[in-house]
Amino acid sequence: MKNFRIACLPGDGIGLEVMSAAQDVLQTAAEIHGGVVFDFTNFPWGSDYYVENGLMMPEDGIRQLKEFDTVFLGAVGNPKLVPDHISLWGMLIKIRRELELSLNVRPARVLRGIDSPLHSPNDFNFIVVRENSEGEYSEAGGVIHNGPDEIAVQNGIFTRKATERAIRYAFKLAKKRGSKVTSATKSNGIVHSMPFWDRIFNEVAAEYPDVETRSVHIDALSAFLVTKPETFDVIVASNLFGDILTDLGGAIMGSIGIAPSANLNPEGKYPSMFEPVHGSAPDIAGQGKANPLGQVWTASMMLDHLGLPELGAAILEACEEVTGEGIKTPDIGGTSSTEEVTAAICSALRKKA
Ligand code: ATP
Ligand code: MG
Numbered sequence: 001m002k003n004f005r006i007a008c009l010p011g012d013g014i015g016l017e018v019m020s021a022a023q024d025v026l027q028t029a030a031e032i033h034g035g036v037v038f039d040f041t042n043f044p045w046g047s048d049y050y051v052e053n054g055l056m057m058p059e060d061g062i063r064q065l066k067e068f069d070t071v072f073l074g075a076v077g078n079p080k081l082v083p084d085h086i087s088l089w090g091m092l093i094k095i096r097r098e099l100e101l102s103l104n105v106r107p108a109r110v111l112r113g114i115d116s117p118l119h120s121p122n123d124f125n126f127i128v129v130r131e132n133s134e135g136e137y138s139e140a141g142g143v144i145h146n147g148p149d150e151i152a153v154q155n156g157i158f159t160r161k162a163t164e165r166a167i168r169y170a171f172k173l174a175k176k177r178g179s180k181v182t183s184a185t186k187s188n189g190i191v192h193s194m195p196f197w198d199r200i201f202n203e204v205a206a207e208y209p210d211v212e213t214r215s216v217h218i219d220a221l222s223a224f225l226v227t228k229p230e231t232f233d234v235i236v237a238s239n240l241f242g243d244i245l246t247d248l249g250g251a252i253m254g255s256i257g258i259a260p261s262a263n264l265n266p267e268g269k270y271p272s273m274f275e276p277v278h279g280s281a282p283d284i285a286g287q288g289k290a291n292p293l294g295q296v297w298t299a300s301m302m303l304d305h306l307g308l309p310e311l312g313a314a315i316l317e318a319c320e321e322v323t324g325e326g327i328k329t330p331d332i333g334g335t336s337s338t339e340e341v342t343a344a345i346c347s348a349l350r351k352k353a
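Each residue of the sequence shown is one higher than the one before, counting from 1 in full-length UniProt numbering.
And the structure:
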C-alpha cells in the first residue's frame, strides 16, 4: 500500500466546498485503485485564521508544508475580513515563493457537455507552461524622474536558469504528449529579453529534433487561441505572457470554475502546489452552487504528478461522463448542486472499478 501525505488548505469561501468535493473524489479514486492511501491533513489557514491570529498562516507554516508529498489548495480571500493584498501576499505568494514554485502549468480543453464561448470550437486541448518566478514581474525599476516629465522604468529580469527550466519542462511535456511546442515571444518589440528567450528556446529545441516547434508573437498567439485553439499543444511563455494566455485558456473552456492549475517545484526539492484557477467566489459561497470541476481536475493533475497518471485520467473521464449527461452546476448552464455533481463523479468512478 502506497501512502501519499497531502497538505490540504481549503482556504476561504467556496474553497471549503470544492476542497471537500475533491477529497471525496480522491477517496473514491483510492478505493477503486486499492493500492494507494491519500492521507489528508487539513490546515484551517486563511481569512478566519487571520482575524484570530493576525496572520494568514502560522510563522512556521512553510516548514510544516515541506513535510508533505504535495500541497492541495482551494481558494484564498475574503475581502470582507482581510484586504486582498494581505491575503494574497500573506499566503498564496508566500507559498509560491518559499516553496520555489517556479512553473505554473494550466491545461485548457473542451470537456464533453460544456459549451465554450467560441463559435463552434474544434476539440482543442492545449497546455500552457508559464515561467512563474521572474521575467516581467520583477521588482527592479522605479520612478526615476519626478516633476512634469515623470518617468517610470520597469525592468524585466530573464535568467538563463529560469528561462531554460521553463522551456525544458515544456519540451519534456511535449514528448509525453507526443506533439509540438509553441513559444510565446515578442522579439520584434521587446529587443533584449525576447531575443534571449528565443535563443534559449532554439538551443533546447535542437535537443528535441522530433518535437515540432514554432515561435509566435504574443499578440498573434492570443488571436489564434480564439480563432484556432485546436492548432496548439504545449505553449511555453514568460511570466506576463503566460499569465494572460492562461486566463484566456480558462475563458475559452467555458467557465473559470472548471480550470485547473499546478504550481510546480520542477527540481522536486519542495512539494508542488495544486490549486484551481478560480478564487474564493464570495458572491456564491455557502450556497451549494460552486462548480467542483476545477478543484477535481486539479486533483487529477496532482495524481499525475504523484506518479498515478491512470488514476488521474480516470477522474477526468468520470468528470466528462457527468458533464456529458448534463449534471452541471449553474455556471455552466446546469441546475445541479456542488454535492450532486460530486456524488455523480464518485459514482461514475465506482463504475470503472
Ligand atoms: P481571485 O482574486 O481570488 O481570483 P476573484 O474575485 O477575482 O478572486 P473568483 O473568486 O474566481 O474571482 O470569482 C469570479 C467569478 O467567477 C464570480 O462571479 C464567481 O462566482 C465565479 N466563480 C469562480 N469560481 C467558481 C466556481 N468554482 N463555480 C462557479 N462559479 C465560480
Ligand atoms: Mg481576481
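Ideal Cβ positions, reconstructed from N, Cα and C, are used throughout, including at glycine.
Straight-line spacing of the CA atoms in Ala-281 and Ala-348 works out to 27 Å. Beyond the five residues adjoining it in sequence on each side, Ala-318 comes within less than 6 Å, by CB distance, of Ile-345, Ala-348, Leu-349 in the same chain, given in chain order. Straight-line measurement puts the Cα of Gly-34 at about 34 Å from the Cα of Met-57. Judged by DSSP in its simplified three-state form, Thr-185 adopts strand. For Ile-252, the enclosing alpha helix (DSSP H) starts and ends at 239-253. Linking Leu-264 to Asp-149 through their CA atoms gives a straight-line distance of about 42 Å. Counting every other CB atom within 10 Å of its CB across the protein chains shown gives Ile-144 a total below 16, marking it as exposed.
In this structure, Ser-280 has its beta carbon less than 6 Å from a heavy atom of the ligand ATP. Look at the beta carbons and you see the segment 233-246 touching the segment 159-174: at least three pairs across the two are nearer than 8 Å. Each residue's CA atom was taken as its position, placing Lys-66 and Gln-154 some 34 Å apart. Short of 6 Å from the beta carbon of Glu-134, and not among the five residues preceding or following it, lie these beta carbons of its own chain, in chain order: Ile-157, Ala-162.
Taking non-hydrogen atoms of the ligand ATP into account, the C-beta of Ala-259 is found less than 6 Å away from none of them. Nearest Cα to Glu-207 within the set Glu-267, Ala-174, Gly-13: Ala-174.
Per DSSP, Phe-232 is not a residue of any alpha helix (DSSP H), being assigned neither H nor E.
Closest option to Ile-127, judged by alpha-carbon separation, among Gly-178, Glu-310, Gln-23, Phe-4: Gly-178.
In chain order, Asn-122, Asp-123, Phe-124 place their CB closer than 7 Å to the CB of Glu-230, counting only its own chain and leaving out the 5 sequence neighbours on each side. The straight-line gap separating the alpha-carbon atoms of Ala-299 and Ser-337 is approximately 19 Å. Note on geometry: alpha-carbon atoms of Val-322 and Pro-292 lie some 12 Å from one another.
For Leu-349, the three-state secondary structure derived from DSSP is helix.
Not one heavy atom of the ligand ATP is found less than 6 Å from the C-beta of Ala-313.
Given a length threshold of 4 residues, each whole run of the alpha helix (DSSP H) inside the segment 264-350 is given here in chain order: 293-305, 309-324. Counting other Cβ atoms within 10 Å of its Cβ, His-278 reaches 16 or more and is therefore classed as buried. Taking 8 Å as the upper bound for CB-CB distance, Ala-22 and Val-296 are in contact here, some 5 Å apart. Assigned with DSSP and collapsed to three states, Lys-180 falls in strand. A contact between stretches requires three or more CB pairs, one per stretch, nearer than 8 Å, and the segment 99-110 meets this requirement with the segment 250-266. Sixteen is the threshold: since fewer than 16 other Cβ atoms of the shown chains lie within 10 Å of the Cβ of Arg-160, the residue is exposed. When secondary structure is reduced to three states using DSSP, Pro-195 falls in the helix class. For Ile-6 against Phe-72, the beta-carbon gap comes to about 5 Å, under 8 Å, which counts as contact.
For the pair Glu-310 and Val-191, the Cα-to-Cα distance works out to about 44 Å.
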